[in-house]
Each structure stands twice: as structure tokens, then as C-alpha cells.
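> Below: one structure in C-alpha cells.
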Amino acid sequence: MFGYVTICEPELKMKDLRKYKAYYCGLCRKLKEDYGTMGQMTLTYDMTFAIILLSSLYEAKNRMNQHRCKVHPVKKQAMIENEITQYAADMNVLLAYYHMKDDWADEKKVSGLLGGGLFKKKAEKIAEQYPRQSKAIKESLQELSDCEKENSQEIDRSAGCFGRLMADLFVYKEDMWEQTLRRMGFFLGKYIYIMDAYEDLKEDLRKQCYNPLKRLHERADYEEQIRQILCMMIAECSAEFEKLPCLLDVDILRNILYDGVWNRYNKIQKKKLEEGNKKNEQESL
């Protein structure tokens with residue numbers, strides 16, 4: 001469900017691109033150090049965005065390092081780490097753990113059983129350190145599971161579950177910025193969930209899997225409705241972001257919120273256009 005909150009590389013300055021990659025590589029290294037290769041597999045662009053946002057807001061003290069890795073075995077890569085990196089790594093693993101538990105409970109996926117077992121002890125320690133976030137993840141995933149079992153077509157309900165989950169993950173500290181971060185995470189979470197459902201709809205229809213957009217997609221104005229909903233979610237999220245006194249890396253953050261989040265949507269539209277043109281060509285023969 002992750003991977004939508006990333007940069008629009010052509011619109012980013014080279015210095016900002018290098019810094020973004022350094023944050024991303026820093027999170028990857030922290031996951032490997034603390035949680036091994038399995039932890040590394042939970043790496044997401046979305047949590048990288050959270051690191052940059054919270055680091056900017058709280059003016060976290062960055063540590064710059066250079067390291068080689070399996071992906072880049074020859075040239076050392078610049079990496080940025082700070083206290084937020086640790087938080088993001090912990091949240092990545094906690095979210096992955098509860099998601100794997102759900103996969104086993106709901107669908108009896110062996111990967112969920114094995115992955116959940118590997119993360120169990122470390123995830124329990126994280127949950128003790130962050131009880132609020134742990135509770136939010138468990139409750140939101142349970143409600144999402146209920147939506148699936150009921151085949152709920154109330155998109156606001158199902159998207160709201162993931163929105164509330166992200167809202168709590170964005171609240172690093174319960175301080176004066178809590179409500180703004182919470183609303184920002186909520187609308188971004190809803191955007192991620194709806195984009196995921198939109199991208200998966202064709203496959204879900206083929207496999208007869210749950211998707212909250214099945215009813216909506218029968219409407220003639222389906223594409224227009226989806227575009228409006230997604231625009232509304234990002235507009236609300238961006239409005240909350242602009243209330244925050246972020247100065248450091250603000251160009252990276254705006255690049256993601258105003259351009260990067262649309263990368264996958266634009267790719268889907270391009271693919272649909274190409275498929276439509278191909279179909280028209282075949283029909284004209």
C-alpha cells in the first residue's frame with residue numbers, strides 16, 4: 001500500500017535530490033542495523049517523507065556518513081541519520097509486523113506467519129516504547145479487516161481507517177504541532193489508501209478480491225470522481241503542511257506534496273490512454 005509519497009525527480013534540484021537519497025539511504029541502513037535484512041525489506045518512500053518532514057519541523061541534528069551496501073557495493077553512498085530516523089525505522093517495523101499478523105489471521109498467508117514470527121520480539125519492544133502508535137495501528141488494521149469482510153463500499157470509512165493510522169504515526173511528539181501533524185497524516189493516509197485501491201481495481205475485479213471502489217467504478221464519471229477525491233485529500237494535507245514552520249528541506253517537501261504524489265497516478269493515466277488507443281486501432285482494422 002506504500003510507495004506513493006515520493007519525489008518528482010525532474011523537478012528537483014540536484015542538491016535536493018542528493019539530500020533526499022541520503023535520507024532514504026539513512027533509513028535503509030538503520031533498518032538493516034536494528035532489524036536485519038527483513039527490516040530492510042520494510043523500507044518505504046512514504047516513511048522517508050515523514051523523516052524529512054519531522055526533521056525539518058523539529059530541527060533534528062543530522063549525522064552525515066558514507067557507507068557501501070549490497071545495492072551500491074562499489075561507491076560509498078551519503079547517508080543522513082538522526083533521532084527521527086530511529087523513530088521511522090521503528091514505525092516501519094511495527095506496521096509491517098501488525099500487517100503480517102493480519103495477513104495470517106485473515107488469509108492464512110504463510111509469509112505473514114513467518115514474517116510476523118521474525119519480527120515478534122522486536123515489535124513487542126517497539127510497542128512498549130510507543131503504546132499510542134501501536135494501539136492506533138492495531139485498531140486501524142482491525143477496522144480495515146472488518147471493512148473487507150463486510151465488503152464495505154463506503155470509501156470514506158475504509159480510507160479513514162488508514163488515515164487515522166497515518167495520523168498517529170505523524171505525531172512524533174504530543175505538543176503544539178500535534179493537531180496539524182495529525183490532520184496532515186490523516187489526509188495523506190486517505191490519499192495513499194484510495195490511490196492503492198484505484199491502482200489495484202482491475203486486478204481485484206479479475207480475482208474477485210475486496211476493493212472499496214467497485215461500486216463507484218460503475219459510474220460514468222468514475223475517473224472524474226477519483227481525481228476530485230484525490231485532489232481534495234492532497235489539498236487538505238498540503239494546507240496543513242503550510243501551517244508548519246518548516247524551513248529546512250522545504251523544497252523537497254513541497255516537491256513531494258505538489259508533484260511527486262501524482263507520479264503513480266500519471267503513470268496509470270498514461271497506461272490507460274495507451275490501452276485505449278491500442279483498442280481503437282484494433283477495432284478500426
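Residue 4 in this note's numbering sits at position 4 of the sequence shown, and the numbers go up by one each step.
Beta carbons: idealized from backbone N, C-alpha and C, even for Gly.
What separation, rounded to the nearest whole angstrom, lies between the Cα atoms of PRO245 and ALA220?
Residue mapping note: residue 245 aligns to position 245 of the sequence shown, counting from 1. Residue mapping note: residue 220 aligns to position 220 of the sequence shown, counting from 1. Distance between the alpha carbons of PRO245 and ALA220 is about 42 Å.
> For GLU240, is the classification buried or exposed, using 16 other Cβ atoms within 10 angstroms of its Cβ as the cut-off for buried?
In the sequence shown, the residue the question calls residue 240 occupies position 240. GLU240 should be labelled buried.
> Under a Cβ-count criterion, where at least 16 other Cβ atoms within 10 Å of its own Cβ denotes burial, should GLN228 be classed as buried or exposed?
Position 228 of the sequence shown, counted from the start, is the residue given in the question as residue 228. So GLN228 counts as exposed.
> On the DSSP bridge assignment, give the partners of ILE80 in chain order.
Translated into the one-based positions of the sequence shown, residue 80 becomes position 80. According to DSSP, which records beta bridges pairwise, ILE80 is partnered with MET64.
> In chain order, what residues of the same chain have a beta carbon less than 7 Å from the beta carbon of ARG18, not counting five sequence neighbours either side?
Numbered from its first residue, the sequence shown carries residue 18 at position 18. Hits under 7 Å: ALA78.
> Smallest Cα separation from LEU53: which of LEU118, ASP156, CYS237, LEU95?
Within the sequence shown, residue 53 is the residue found at index 53, counting from 1. Here the closest residue by C-alpha is CYS237.
> Based on Cα-Cα distance, which residue from GLY189, CYS209, GLU81, GLU218 lies nearest to LEU165?
Within the sequence shown, residue 165 is the residue found at index 165, counting from 1. Residue GLY189 is the option with its Cα nearest to LEU165.
> Let me make sure I understand the geometry here. Which of THR85, THR180, ALA127, ASP46 has the alpha-carbon closest to that of SER55?
Counting from one through the sequence shown, the residue named residue 55 turns up at place 55. Checked all of THR85, THR180, ALA127, ASP46; the closest Cα to SER55 is THR85.
> For the alpha helix (DSSP H) holding LEU54, just list the boundary residues, first then last.
Along the sequence shown, one-based indexing puts residue 54 at 54. Start and end: 45–57.
> For ASP249, count the other beta carbons within 10 Å of its own beta carbon; 16 or more makes it buried, fewer makes it exposed. Which is it?
Position 249 of the sequence shown, counted from the first residue, corresponds to residue 249. Buried.
> Just tell me which of PHE49, THR37, LYS15 has its CA closest to the CA of PHE2.
Stepping through the sequence shown from its first residue, residue 2 is reached at position 2. That would be PHE49, whose Cα lies nearest to the Cα of PHE2.
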